[in-house]
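Numbering (our numbering), first residue to last: 38 to 443.
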């Protein structure tokens, strides 16, 4: 069961019942043909596509590479990413600068984002009592027999972060309408195949590409279940090539080699097994690139989210090591100004004022209470902080696990 609340011009939220987060998005995530009205990239120069690899916190190094490109006037005409590369790439594709991306990730509350728990102050009174009596983050469903959740983290807080940064683009039909045409890769685990998101809900696509199995609840659509794309295509150079790039640049995250003494527990063995699968997809990705920028992140772990500044610096230095090759693609001042003007002309900042509230997925008293709870938002400019607080309080009731602004 899913609760979806939509509004004219700017829809507000979608909420899901426990263990069914992200089912039936408002805008179908399909692989329909791209927008035929999209303006083609001028062919006076080779078009450049960049593929960003997945790697948890290590993906913050991508920001340094993007910053170097900005400083040295290297245009990006096409962008694709997987997992954390999909998050960084998706945010950058909306027209944000590398400095803005760095600030977003540096100031993010990663404990809250990765913990997945509703803040204590937003829990209902009964759930606060439960939290004091049973301080356990894992909840077990009992309605249809004892069942564990599909992930330790429902993704609610991550949803809010992504939605907040992409809300002005909630009405686009194709990711080619973004300031930088964008794709991200997820794994559709029913078929076992890669799924490339190119239209529909940008926030749903970004959430899907980074849904680490067992950690984040998957994104569901009808009979499809989407999890982290690293299992099938962690460095999507092939996707960038298909978008039309003449020159494909892959950004690879060089991790430390495995050590036998560190592979002891069942979890470490499982983790290493997954790493081997992902490494195979990375080899294919590097083979499909014209140029590889290799960021040496061996001293860091995939959970070092608080080390943004250090990782960004490593990414910048990695691009600098390829300076002699990369500068062949640099634009002069006039051409760079024209590139920025064209890109900036597609940036959206306006968010419409909601005119009505529609609730789907629940009925009766629950729907009436939800209508009353959110009705003060209708007819007023969206205050993202207030909306985020209301959505989080709804999850505190215990009947809904995640929310998103669409």
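Note that beta-carbon positions come from the ideal geometry of N, C-alpha and C, so glycine has one too.
Nothing here was measured: the structure is a model prediction, and the numbers come from that model.
Start and end of the alpha helix (DSSP H) containing residue i?
{"i": "residue 240", "result": "239-246"}
{"i": "residue 101", "result": "98-108"}
{"i": "residue 296", "result": "Unbroken run through residue 296: none, as it is neither H nor E."}
{"i": "residue 352", "result": "345-358"}
{"i": "residue 384", "result": "First-last for residue 384: undefined, no H or E at that position."}
Cβ atoms of residue j and residue i: under 8 Å apart, would you say?
{"i": "residue 319", "j": "residue 272", "result": "yes"}
{"i": "residue 355", "j": "residue 274", "result": "no"}
{"i": "residue 459", "j": "residue 394", "result": "Here the chain comprises residues numbered 38 to 443, so residue 459 is not present and cannot be evaluated."}
{"i": "residue 352", "j": "residue 98", "result": "yes"}
{"i": "residue 86", "j": "residue 119", "result": "no"}
{"i": "residue 208", "j": "residue 223", "result": "no"}
{"i": "residue 95", "j": "residue 226", "result": "no"}
{"i": "residue 129", "j": "residue 218", "result": "no"}
{"i": "residue 206", "j": "residue 197", "result": "no"}
{"i": "residue 289", "j": "residue 340", "result": "no"}
{"i": "residue 330", "j": "residue 359", "result": "yes"}
{"i": "residue 282", "j": "residue 84", "result": "yes"}
{"i": "residue 194", "j": "residue 138", "result": "no"}
{"i": "residue 299", "j": "residue 305", "result": "yes"}
{"i": "residue 338", "j": "residue 143", "result": "no"}
{"i": "residue 240", "j": "residue 200", "result": "yes"}
{"i": "residue 462", "j": "residue 231", "result": "As displayed, the chain neither begins before 38 nor continues past 443, which places residue 462 out of reach and without an answer."}
{"i": "residue 117", "j": "residue 256", "result": "no"}
{"i": "residue 284", "j": "residue 366", "result": "yes"}
Could you give the C-beta distance for residue i and residue j, rounded to a whole number, given that I count them as a contact under 8 Å?
{"i": "residue 221", "j": "residue 266", "result": "7 Å"}
{"i": "residue 243", "j": "residue 101", "result": "Actually they do not touch by this definition, with Cβ atoms about 20 Å apart."}
{"i": "residue 388", "j": "residue 204", "result": "6 Å"}
{"i": "residue 141", "j": "residue 202", "result": "7 Å"}
{"i": "residue 135", "j": "residue 104", "result": "4 Å"}
Can you look up residue i in the DSSP assignment and give me helix, strand or coil?
{"i": "residue 393", "result": "coil"}
{"i": "residue 119", "result": "strand"}
{"i": "residue 280", "result": "helix"}
{"i": "residue 206", "result": "helix"}
{"i": "residue 261", "result": "strand"}
{"i": "residue 59", "result": "Bear in mind that the predicted position of residue 59 carries a pLDDT of just 36, short of 50, making it too unreliable to give a figure here."}
{"i": "residue 213", "result": "helix"}
{"i": "residue 113", "result": "coil"}
{"i": "residue 181", "result": "A caution first: residue 181 carries a pLDDT of 47, below 50, which makes its placement in the model unreliable, though a value can still be read off. Residue state, collapsed to three classes: coil."}
{"i": "residue 89", "result": "strand"}
{"i": "residue 126", "result": "helix"}
{"i": "residue 342", "result": "coil"}
{"i": "residue 195", "result": "helix"}
{"i": "residue 327", "result": "coil"}
{"i": "residue 333", "result": "strand"}
{"i": "residue 230", "result": "strand"}
{"i": "residue 132", "result": "coil"}
{"i": "residue 314", "result": "helix"}
{"i": "residue 157", "result": "Per-residue confidence for residue 157 stands at a pLDDT of 38, beneath the threshold of 50, marking its modelled position as unreliable; no derived number is given."}
{"i": "residue 47", "result": "In this prediction, residue 47 scores a pLDDT of 37, lower than 50, which makes its location untrustworthy; the coordinate-derived value is nonetheless stated afterwards. If DSSP states are grouped into helix, strand and coil, residue 47 belongs with coil."}
Since residue i is in the beta strand (DSSP E), which residue starts that stretch and which ends it?
{"i": "residue 289", "result": "284-291"}
{"i": "residue 225", "result": "219-225"}
{"i": "residue 409", "result": "It is not in any beta strand (DSSP E) - residue 409 instead sits in the alpha helix (DSSP H) that spans 401-411."}
{"i": "residue 252", "result": "251-253"}
| Any chance the stretch 235-249 sits against the stretch 106-114, with 3 or more Cβ pairs inside 8 Å? | The stretch 235-249, when compared against the stretch 106-114, does not touch it at the 8 Å Cβ threshold.
| request: Take every Cβ of the stretch 337-353, pair it with every Cβ of the stretch 364-380, and state whether three or more of those distances are shorter than 8 Å. | output: The answer is no - the stretch 364-380 does not touch the stretch 337-353, with fewer than three Cβ pairs under 8 Å.
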